[in-house]
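Colleague: The structure under discussion is supplied below as structure tokens; questions concerning it will follow.
There are 2 protein chains.
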Amino acid sequence: MARPTIADIATRAGVSKGAVSFALNGRPGVSDATRERILKIAEQMSWRPHSAARALGASRVDSVGMVIARPARTLGVEPFFAHLLSGVQSGLSAESISLQLLIVEDTAAEIEVYRRWASEHRVDGVILVDLTVKDPRVDELRALELPAVVIGGRGGKGALASVWADDRDAMLAIVEYLAALGHRRIAHVAGTPNFQHTQRRIRAVRDAAPRLGLLDAPSLTTDFSDAEGAAITRKLLSQPNRPTAIVYDSDVMAVAGLGVAMEMGVSVPGELSIVAFDDSILTQLMHPALTALSRDTFDFGRQAAEVLLDTIADPGTVVNRRTADPVLTVRESTAPPG
Amino acid sequence: MARPTIADIATRAGVSKGAVSFALNGRPGVSDATRERILKIAEQMSWRPHSAARALGASRVDSVGMVIARPARTLGVEPFFAHLLSGVQSGLSAESISLQLLIVEDTAAEIEVYRRWASEHRVDGVILVDLTVKDPRVDELRALELPAVVIGGRGGKGALASVWADDRDAMLAIVEYLAALGHRRIAHVAGTPNFQHTQRRIRAVRDAAPRLGLLDAPSLTTDFSDAEGAAITRKLLSQPNRPTAIVYDSDVMAVAGLGVAMEMGVSVPGELSIVAFDDSILTQLMHPALTALSRDTFDFGRQAAEVLLDTIADPGTVVNRRTADPVLTVRESTAPPG
DNA sequence: TGGATTTGATAAACCGGTATAGCTCCCGAA
DNA sequence: TTCGGGAGCTATACCGGTTTATCAAATCCA
């Protein structure tokens, strides 16, 4: 017999299908003796539930979805997503829930995917990343009544559950560290302006500037690409009063910036300190190795999975969980200003 | 009415469930007039099939799986997988098949996943990457009777379908290019020795060496990590007769190698030429930018999806499709030997 | 014109589970 | 002695599709 069903187990155990279902799902309705006997037979026959059948009966599919709306070109370089994915999976595997991953071009396509998933009952919930300022996905998901958890930002006035780290504190830590080294002209090469975390980081820099006595602390937004990171760096370093330190919102841009500095003959960290707001193998491959903010991305994903499963189990409560604070890993790219 | 079922459509159209099913799936059994009427009603009610119900009835789940067995740490840096994934999805989206992605630590875990997927009917087929020399997954998948397609290698004496590029020709192109520049001492920093493509590349170098009059052409295997790439480079450059050109099997190792060369004061490309066997944004971020072999990874994934769907539809035929040949993108890291 | 075949549709079984109503038996309390 | 109630289990409906057996009406062919 190739794939046994609970009916097979039932006949073999001399009980009804219902009893087998009760036994296999650990719910009351059968005696301990019978339960054990059924479990043993199921084990012997190496029975596994048919996911579709279970989904149809229990109206849950034991599967969650995650859509990443970024052009594939910019995606792979950042270990961020790979780590996040691993973490999410580790959080899901305990309950043997599977993950559907989709990479799409933009938010419109992403919302389309959510609609399809909801109407086809393909997922029990979804994980959101890259929350924007006035994010249309939040309302859409609420309308679809699809459980969701937001990674890296609050779910819009308590609408969605979330798992987040304190970007503000992290940025303050970086700026304070640079100020303590003696830097007074610090520039911030930020990501896309419509991302919530970009806004929070920009605000943190602006708020800290007067307190730390910074002469100049511009935040310049980009599209997160290496090209724009390089272009902005070139502009910054060509100014008469050029910054003595630059904070980049991603490791890729930081690396691009380092390249520009070298090309222009600006020594790092002698004449320019560089900090990346995201750590990865990239920062360590460089010469000099880049000082960077390290976040436990794996754990981030793991916790997101946990919160999502809780939300699915009990859609009433909205959890906003704060994760461990990121730490600044000091390497060779930062020093007191020349 | 939130989610209409075919029964709802049936009553509204005044026909039976069966007729609706026939109409919606484009199979004979209803007249064109009725079909059109049913389709229109389904459209109006914005009906979508319930994936689990369809899976249960039709015994296919419209979902395929892909497992990547690599530690997450080494994963994210290479855009290879992100592009591959996008390509696979683009190939699947036409038939609106969804993709399950799983990142695991090793092959044993990967095989476990296949067993579970098969027994729970979670996927209709799988896509394999990183084929090893005596790969246990091939036999396992045949035993499970799970349709599969291998990316980047032949599926073991015609056992599994595959989509592959010619690694041998690609490596020959690189070595011939370097030889034409005048290099006679070329080293090859390879990946893990048990990968099939590593073997093919090593063999290509060895075979080409005498014909091109190379004095020395060692292939040194690594674990694909930046650390080993750097270590081997250091060893190579410390030799009395050090190579004038090094070919790296991945872009990450090439970047690490470049770092070592700079650190040791070996100028690139003046005293050392560097080629990466894989292209990505990384190679372009460097100074000098690295000459690299560019492959159309997106298309690779797209074709793999196509072949897999064909294999699922007709498990009898085994397709081995060869994709477009990779091309060498010459940048600043290669020049005639000093 | 009459029997054979095709067309267009229906009703019901089925896929493999879950959920629930109901039945039997046994125990304890009144 | 009777009755209520819970434990343990069975029978059956159900989830939302697909598939098959069946059947009436229309069409074909000689």
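Protein chains in written order, with the UniProt record's numbering: chain A, 1 to 338; chain B, 1 to 338.
Backbone N, C-alpha and C define an ideal beta-carbon position, used for all residues, glycine too.
What does B:Gln100 touch in chain A if you count any residue whose Cβ is under 9 angstroms from its own?
Modeller: Position 100 of the second sequence holds residue 100 of chain B. Residues of chain A passing the Cβ test: Ser63, Ser98, Leu99, Gln100, Leu101.
Colleague: On the CB-based measure, 16 or more other CB atoms within 10 Å of its CB, does B:Ser46 come out buried or exposed?
Modeller: Your numbering for residue 46 of chain B matches position 46 in the second sequence. Here B:Ser46 is exposed, its C-beta having fewer than 16 other C-beta atoms within 10 Å.
Colleague: Using the C-alpha atoms, what's the distance from B:Ala289 back to A:Gly265?
Modeller: In the first sequence, residue 265 of chain A corresponds to position 265, counting from 1. In the second sequence, residue 289 of chain B corresponds to position 289, counting from 1. Cα to Cα, A:Gly265 sits roughly 17 angstroms from B:Ala289.
Colleague: Closer than 8 angstroms between beta carbons: that is the criterion. Which residues of the stretch 273-301 of chain B meet it against chain A?
Modeller: Ser280, Ile281, Leu282, Gln284, Leu285, Met286, His287, Phe298
Colleague: When the cut-off is 8 angstroms and only beta carbons count, does B:Ser250 lie next to chain A?
Modeller: Taking the first residue of the second sequence as position 1, residue 250 of chain B is located at position 250. Cβ-Cβ to chain A under 8 angstroms: no for B:Ser250.
Colleague: Going straight from the alpha carbon of B:Leu220 to that of A:Ala109, what length do you get?
Modeller: One-based indexing of the second sequence puts residue 220 of chain B at position 220. One-based indexing of the first sequence puts residue 109 of chain A at position 109. Using only the alpha carbons, I get a separation of about 45 angstroms.
Colleague: Along the chain, where does the beta strand (DSSP E) that runs through A:Val275 open and close?
Modeller: Residue 275 of chain A sits at position 275 when you count from the first residue of the first sequence. A:Val275 -> beta strand (DSSP E) spans 273-276.
Colleague: If you run the structure through DSSP and keep just helix, strand and coil, what is B:Arg116?
Modeller: Here the question's residue 116 of chain B lines up with position 116 in the second sequence. DSSP places B:Arg116 in helix when its eight states are reduced to three.
Colleague: Taking the DSSP output, what are the residues bridged to A:Arg295?
Modeller: By one-based count along the first sequence, residue 295 of chain A stands at place 295. BP columns for A:Arg295 are empty, so no partner.
Colleague: Since A:Val260 and A:Arg234 are thought to touch, with beta carbons under 8 angstroms apart, how far apart are those beta carbons, to the nearest angstrom?
Modeller: Taking the first residue of the first sequence as 1, we reach residue 260 of chain A at position 260. Taking the first residue of the first sequence as 1, we reach residue 234 of chain A at position 234. Between A:Arg234 and A:Val260 the Cβ distance is about 5 angstroms, and since that is below 8 angstroms, they are a contact.
Colleague: Give me the Cα-Cα distance between B:Val252 and B:Ser273, rounded to the nearest whole angstrom.
Modeller: Along the second sequence, one-based indexing puts residue 252 of chain B at 252. Along the second sequence, one-based indexing puts residue 273 of chain B at 273. C-alpha separation (whole angstroms): 16 angstroms.
Colleague: Can you name the residues of chain B whose CB is closer than 9 angstroms to the CB of A:Ser267?
Modeller: Position 267 of the first sequence, counted from the start, is the residue given in the question as residue 267 of chain A. Those do not exist, as A:Ser267 stays about 14 angstroms from chain B at its closest Cβ, beyond 9 angstroms.
Colleague: Could you tell me whether the Cβ of B:Ser333 comes closer than 8 angstroms to any Cβ of chain A?
Modeller: Mapped onto the second sequence, residue 333 of chain B falls at position 333. Not an interface residue.
Colleague: Could you have a look at A:Met262 and say whether DSSP puts it in helix, strand or coil?
Modeller: To locate residue 262 of chain A, count along the first sequence from 1; it is residue 262. In the structure shown, A:Met262 sits in a helix (DSSP, three-state: H, G or I).
Colleague: Below 8 angstroms, how does it come out for the stretch 167-182 of chain A and the stretch 205-214 of chain A: are there three or more Cβ pairs, yes or no?
Modeller: yes
Colleague: If you drop the 5 nearest sequence neighbours on each side, which residues of the same chain put their C-beta closer than 6 angstroms to that of B:Ser90?
Modeller: Reading the second sequence from its first residue, position 90 is the one you call residue 90 of chain B. Excluding sequence neighbours, B:Ser90 sits near Arg302.
Colleague: Does the stretch 22-36 of chain B come into contact with the stretch 293-302 of chain A, if we say contact requires no fewer than three beta-carbon pairs (one atom in each stretch) closer than 8 angstroms?
Modeller: no
Colleague: At 3 residues or longer, and completely inside the stretch 151-179 of chain A: list those beta strand (DSSP E) runs for me, N to C.
Modeller: 161-164
Colleague: Using a Cβ-Cβ cut-off of 8 angstroms, state whether A:Val255 counts as contacting chain B.
Modeller: Residue numbering aside, residue 255 of chain A sits at position 255 when the first sequence is read from its first letter. Interface residue, yes.
Colleague: Just curious, the beta strand (DSSP E) that A:Ala58 is in, first and last residue?
Modeller: Locating residue 58 of chain A in the first sequence gives position 58, where the first residue counts as 1. Note, A:Ala58: premise wrong, no beta strand (DSSP E); alpha helix (DSSP H) at 51-58.
Colleague: Could you give the distance in angstroms between the alpha-carbon of A:Arg154 and the alpha-carbon of A:Asp310?
Modeller: Your numbering for residue 154 of chain A matches position 154 in the first sequence. Your numbering for residue 310 of chain A matches position 310 in the first sequence. Taking the straight line from one Cα to the other gives about 17 angstroms.
Colleague: If we cut at 8 angstroms on Cβ distances, does B:Pro49 have a partner in chain A?
Modeller: Locating residue 49 of chain B in the second sequence gives position 49, where the first residue counts as 1. Yes, contact with chain A.
Colleague: Express the C-alpha separation of A:Ala82 and B:Phe224 in angstroms, rounding to a whole number.
Modeller: Against the second sequence, residue 224 of chain B aligns to sequence position 224. Against the first sequence, residue 82 of chain A aligns to sequence position 82. So the alpha carbons of these two residues sit roughly 17 angstroms apart.
Colleague: Who does A:Val247 pair with in a DSSP beta bridge?
Modeller: Locating residue 247 of chain A in the first sequence gives position 247, counting from the first residue. According to DSSP, which records beta bridges pairwise, A:Val247 is partnered with A:His188, A:Val275.
Colleague: List, in chain order, every chain A residue whose beta-carbon is nearer than 7 angstroms to that of B:Leu56.
Modeller: Within the second sequence, numbered from 1, the residue matching residue 56 of chain B stands at position 56. Counting only Cβ-Cβ distances below 7 angstroms, B:Leu56 has contacts in chain A at Ala52, Ala53, Leu56, in chain order.
Colleague: So is B:Gln199 buried or exposed if we call it buried at 16+ other beta carbons inside 10 Å?
Modeller: For the purposes of this step, residue 199 of chain B is identified with residue 199 of the second sequence, where counting begins at 1. B:Gln199 should be labelled buried.
Colleague: Which residues, taken in chain order from the stretch 110-128 of chain A, show a beta carbon closer than 8 angstroms to some beta carbon of chain B?
Modeller: Arg116, Ser119, Glu120, His121, Arg122
Colleague: Measuring only between beta-carbons, confirm whether A:Gln303 sits less than 8 angstroms from chain B.
Modeller: On the first sequence, residue 303 of chain A is found 303 positions in, with the first residue counted as 1. Cβ-Cβ to chain B under 8 angstroms: no for A:Gln303.
Colleague: Can you list, in chain order, the stretches of the alpha helix (DSSP H) that have 4 or more residues and sit fully within the stretch 278-335 of chain B?
Modeller: 281-285, 297-313
Colleague: Using 10 angstroms around the beta-carbon of A:Ala7, count the other beta-carbons present and answer buried if the total reaches 16, otherwise exposed.
Modeller: On the first sequence, residue 7 of chain A is found 7 positions in, with the first residue counted as 1. Exposed.
Colleague: A:His50 to B:Leu99, Cα distance in whole Å?
Modeller: Here residue 50 of chain A refers to the residue found at position 50 when the first sequence is read from its first residue. Here residue 99 of chain B refers to the residue found at position 99 when the second sequence is read from its first residue. Taking the straight line joining both Cα atoms gives about 18 angstroms.
Colleague: Taking contact to mean 3 or more Cβ pairs, one atom from each stretch, closer than 8 angstroms, check whether the stretch 126-138 of chain B and the stretch 319-338 of chain B are in contact.
Modeller: Contact fails: fewer than three Cβ-Cβ distances are below 8 angstroms.
Colleague: Whose C-beta lies closer than 8 angstroms to the C-beta of B:Leu144 among residues of the same chain, with five residues either side of it excluded?
Modeller: Working through the second sequence from its first residue, we reach residue 144 of chain B at position 144. Cβ within range, chain order: Tyr114, Arg115, Ala118.
Colleague: Please say whether B:Pro269 and B:Thr317 have beta carbons closer to each other than 8 angstroms?
Modeller: On the second sequence, position 317 is the one that residue 317 of chain B refers to. On the second sequence, position 269 is the one that residue 269 of chain B refers to. No, these two residues do not count as a Cβ contact at 8 angstroms.
Colleague: Taking its Cβ as the centre, do 16 or more other Cβ atoms sit within 10 Å of A:Asp62, making it buried, or is it exposed?
Modeller: Position 62 of the first sequence, counted from the start, is the residue given in the question as residue 62 of chain A. Classification for A:Asp62: buried.
Colleague: Check for me: the alpha helix (DSSP H) holding A:Ser238 runs from which residue to which?
Modeller: Here residue 238 of chain A is taken as the residue at index 238 of the first sequence, counted from 1. Counted as a single uninterrupted DSSP element, the alpha helix (DSSP H) harbouring A:Ser238 occupies residues 226-238.
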